[in-house]
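**Student:** Residue numbers (my numbering): 28 to 380. Pasting in a structure now, in structure tokens, and then I'll have a few things to ask.
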Amino acid sequence: MSAPRAVPGAPPGAPPGASPLVEVSDLVVNYRVRVRGARSHAVVRAVDGVSLTVGRGVTVGLVGESGSGKSTLGRALLRLTPAAGGAVTFEGHEVLSAGRGSLRVLRQRAQLVFQNPIGSLNGRMRVGSIVREPLDIQRIGDRASRPQRVRELLDQVGLPAGAEHRYPHELSGGQQQRVALARALAPAPSLIVCDEPVAALDVSVQAQVLELLKEVQRATGVSYLFIAHDLNVVRHLARETYVMYLGAVVERGASSSLFERPRHPYTQGLVAATPVADPARSSPPPLLRGEIPSPMDVPAGCRFHTRCPFARDRCRTEVPVLAPTPDGGAVACHLWEELPRAAASGGTLLSGR
Ligand code: ATP
Ligand code: SF4
Ligand code: MG
Numbered sequence: 028m029s030a031p032r033a034v035p036g037a038p039p040g041a042p043p044g045a046s047p048l049v050e051v052s053d054l055v056v057n058y059r060v061r062v063r064g065a066r067s068h069a070v071v072r073a074v075d076g077v078s079l080t081v082g083r084g085v086t087v088g089l090v091g092e093s094g095s096g097k098s099t100l101g102r103a104l105l106r107l108t109p110a111a112g113g114a115v116t117f118e119g120h121e122v123l124s125a126g127r128g129s130l131r132v133l134r135q136r137a138q139l140v141f142q143n144p145i146g147s148l149n150g151r152m153r154v155g156s157i158v159r160e161p162l163d164i165q166r167i168g169d170r171a172s173r174p175q176r177v178r179e180l181l182d183q184v185g186l187p188a189g190a191e192h193r194y195p196h197e198l199s200g201g202q203q204q205r206v207a208l209a210r211a212l213a214p215a216p217s218l219i220v221c222d223e224p225v226a227a228l229d230v231s232v233q234a235q236v237l238e239l240l241k242e243v244q245r246a247t248g249v250s251y252l253f254i255a256h257d258l259n260v261v262r263h264l265a266r267e268t269y270v271m272y273l274g275a276v277v278e279r280g281a282s283s284s285l286f287e288r289p290r291h292p293y294t295q296g297l298v299a300a301t302p303v304a305d306p307a308r309s310s311p312p313p314l315l316r317g318e319i320p321s322p323m324d325v326p327a328g329c330r331f332h333t334r335c336p337f338a339r340d341r342c343r344t345e346v347p348v349l350a351p352t353p354d355g356g357a358v359a360c361h362l363w364e365e366l367p368r369a370a371a372s373g374g375t376l377l378s379g380r
């Protein structure tokens with residue numbers, strides 16, 4: 028028998044024949060908003076034709092400035108925010124048109140963990156009940172086995188015995204995030220969308236929670252779509268990273284390559300603006316100038332042209348497509364082959380025109 032072939036789009040390292048866990052194709056999410064003084068609604072193009080793949084048992088990073096559409100993408104692929112177009116498959120099943128039964132399975136198998144645990148935990152419930160609730164609602168296990176399962180989950184996220192009797196406000200921020208993770212893990216999901224899960228925590232606690240996420244992944248094989256502003260965090264955790272700008276993916280690639288030598292001028296700017304951990308290495312000056320434009324008025328041509336130091340006439344009219352790069356990534360820039368590739372630590376390039 029011949030060896031199974033890798034599925035196109037499966038991430039590097041996925042076992043041959045394994046289909047991706049999540050496949051997002053050309054996803055579009057719009058918000059209709061009222062504009063003061065205007066009769067009609069305006070359309071916010073929050074996610075504007077994004078394709079993305081998450082393999083099994085891996086972490087995929089999603090970065091970009093505030094307002095680039097990261098949370099909207101994460102919510103839309105879980106069908107928590109309606110999409111206007113495109114397709115999402117999860118474990119081989121179409122998500123956007125799923126009926127009640129399939130949606131119930133999706134609600135078990137795909138979870139969301141937010142930045143602010145105290146906002147996502149019911150302050151009137153004790154920790155044990157918070158973690159148990161999804162088991163009750165989704166009728167997972169039986170009444171007799173659930174208390175034991177709750178204790179296992181609390182143990183898995185490193186909470187001390189007795190934590191189940193406490194209220195969320197009696198716990199530290201890091202412990203609250205552990206409760207949120209235990210609750211998310213309760214239905215044994217294969218995917219957790221982690222939306223800035225450590226952004227509200229102190230740096231030392233962040234490191235502990237990130238380590239915990241890795242341990243949980245090793246133990247359960249869960250995949251993470253990990254949304255963050257902090258590139259250092261994503262670099263530490265994600266095998267592959269997508270960079271979003273104003274609703275679109277402008278670059279993706281293996282994190283090692285993307286963060287060491289970014290190709291897209293926007294990624295170069297993000298990397299250059301990231302604090303360097305080693306004080307002996309000087310941080311290059313921030314290269315991202317100006318503000319991200321409004322997603323109600325996305326610039327024509329390359330959406331980054333209003334801020335790009337390399338923009339030429341063509342960039343103002345012609346939309347660059349995501350083109351494959353020799354190292355297995357992809358970049359949406361007309362000039363990527365001509366531009367020097369930024370070294371992450373060098374304080375190099377982007378001299379502008
Ligand atoms: P951040 O890093 O600040 O969390 P983000 O990348 O997650 O940003 P989103 O929250 O997805 O970005 O927002 C994308 C765009 O959609 C932004 O311009 C935002 O203002 C807009 N937006 C988000 N939610 C809504 C909503 N419910 N109604 C109208 N516009 C919205
Ligand atoms: Fe800059 Fe043009 Fe590339 Fe856009 S297409 S990133 S404007 S060089
Ligand atoms: Mg967000």
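Note that CB positions come from ideal geometry on N, CA and C, so glycine has one too. Every value quoted in this text rests on a predicted model; they were computed, and no experiment measured them.
Buried or exposed for E179, please, with buried defined as at least 16 other CB atoms from any protein chain shown within 10 angstroms of its CB.
**Tutor:** By the 10 Å Cβ count, E179 comes out exposed.
**Student:** Does the Cβ of T268 have 16 or more other Cβ atoms within 10 Å, making it buried, or fewer, making it exposed?
**Tutor:** Counting Cβ neighbours within 10 Å, T268 comes out buried, since at least 16 surround it.
**Student:** So V49 packs on L104, CB below 8 Å; how close in whole Å?
**Tutor:** Their Cβ separation, rounded to whole angstroms, is 6 Å, which keeps V49 and L104 in contact under 8 Å.
**Student:** Touching or not, the region 315-327 and the region 231-241, by the rule of three or more beta carbon pairs under 8 Å?
**Tutor:** The region 315-327 is not in contact with the region 231-241.
**Student:** For the ligand ATP, is there a heavy atom less than 7 Å away from the beta-carbon of T99?
**Tutor:** Checking the Cβ of T99 against the ligand ATP gives yes.
**Student:** Would A211 be called buried (16 or more neighbouring beta carbons within 10 Å of its own) or exposed?
**Tutor:** Result: buried.
**Student:** Say whether the region 81-94 touches the region 253-272, bearing in mind that this needs 3 or more beta-carbon pairs closer than 8 Å, one atom from each stretch.
**Tutor:** Yes: the two stretches touch, three or more of their Cβ pairs being nearer than 8 Å.
**Student:** Tell me the rounded alpha-carbon separation between V56 and A111.
**Tutor:** Cα-Cα distance, rounded: 5 Å.
**Student:** From V348, P174, G356, pick the residue whose C-alpha is nearest to that of L362; which is it?
**Tutor:** Closest by alpha carbon: V348.
**Student:** In whole angstroms, what is the alpha-carbon distance linking Q175 and G64?
**Tutor:** Approximately 58 Å, taken between the alpha carbons.
**Student:** For the ligand MG, I want to know if D222 counts as a neighbour, meaning its beta carbon is within less than 7 Å of at least one of the ligand's heavy atoms.
**Tutor:** The answer is yes for D222.
**Student:** From this set, R106, L100, T294, A338, which residue's C-alpha is nearest V270's C-alpha?
**Tutor:** Closest by alpha carbon: T294.
**Student:** In three-state DSSP terms, what is N149?
**Tutor:** Correct three-state label for N149: coil.
**Student:** Confirm, please, whether the CB-CB distance from V276 to L79 is below 8 Å.
**Tutor:** Yes, these two residues count as a Cβ contact at 8 Å.
**Student:** What runs of the alpha helix (DSSP H), each 4 residues or longer, lie entirely inside the region 79-167?
**Tutor:** 97-104, 127-136, 144-147, 154-164, all fully within the region 79-167.
**Student:** Residue range of the alpha helix (DSSP H) that A294 falls in?
**Tutor:** The question names Ala, yet the displayed sequence has Thr at residue 294. Where T294 is concerned, the enclosing alpha helix (DSSP H) stretches over 292-299.
**Student:** Would D75 and G328 be called neighbours here (beta carbons separated by less than 8 Å)?
**Tutor:** Cβ atoms of D75 and G328: not closer than 8 Å.
**Student:** Kindly indicate which three-state DSSP category R72 falls into: helix, strand or coil?
**Tutor:** Strand, per DSSP.
**Student:** Is it the case that the CB of H256 approaches a heavy atom of the ligand ATP more closely than 7 Å?
**Tutor:** Flag set: Cβ of H256 near the ligand ATP.
**Student:** Per DSSP, A350 is paired with what?
**Tutor:** According to DSSP, A350 bridges with V358.
**Student:** Taking the alpha-carbon positions, what's the P214 to A299 distance?
**Tutor:** Computed Cα separation, rounded: 40 Å.
**Student:** Can you grab the Cα-Cα spacing for the pair Q204 / R341, in whole Å?
**Tutor:** Computed Cα separation, rounded: 47 Å.
**Student:** Between F117, M152, V154, G150, which lies nearest to Q138 when the distance is taken from Cα to Cα?
**Tutor:** The shortest C-alpha separation from Q138 is found at F117.
**Student:** Taking the DSSP output, what are the residues bridged to T344?
**Tutor:** Paired residues: none, contrary to the question.
**Student:** Would you check if the distance between the CB atom of R330 and the CB atom of Y272 is smaller than 8 Å?
**Tutor:** Yes, the Cβ-Cβ distance between R330 and Y272 is below 8 Å.
**Student:** May I ask you to report which of helix, strand or coil DSSP gives L366?
**Tutor:** Coil.
**Student:** Should the region 190-200 be called in touch with the region 153-162, which here means at least 3 C-beta pairs below 8 Å?
**Tutor:** At 8 Å Cβ cutoff, the stretches touch.
**Student:** Please report how far the alpha carbon of H367 lies from the alpha carbon of P326, in whole angstroms.
**Tutor:** Residue identity differs from the one stated: residue 367 is Pro in this sequence, not His. Approximately 25 Å, taken between the alpha carbons.
**Student:** For the ligand SF4, any of its heavy atoms closer than 7 Å to the Cβ of L239?
**Tutor:** No, since every heavy atom of the ligand SF4 falls outside the 7 Å radius drawn around the Cβ of L239.
**Student:** Which first and last residues belong to the beta strand (DSSP E) in which T247 is found?
**Tutor:** No beta strand (DSSP E) contains T247, which is instead part of the alpha helix (DSSP H) from 230-247.
**Student:** Bridge partners of R176, per DSSP?
**Tutor:** The partner list for R176 (beta bridge, DSSP) is empty, contrary to what the question assumes.
**Student:** Just checking A73 against the ligand ATP - is the residue's beta carbon closer than 7 Å to any of the ligand's heavy atoms?
**Tutor:** Within the cutoff, so yes.
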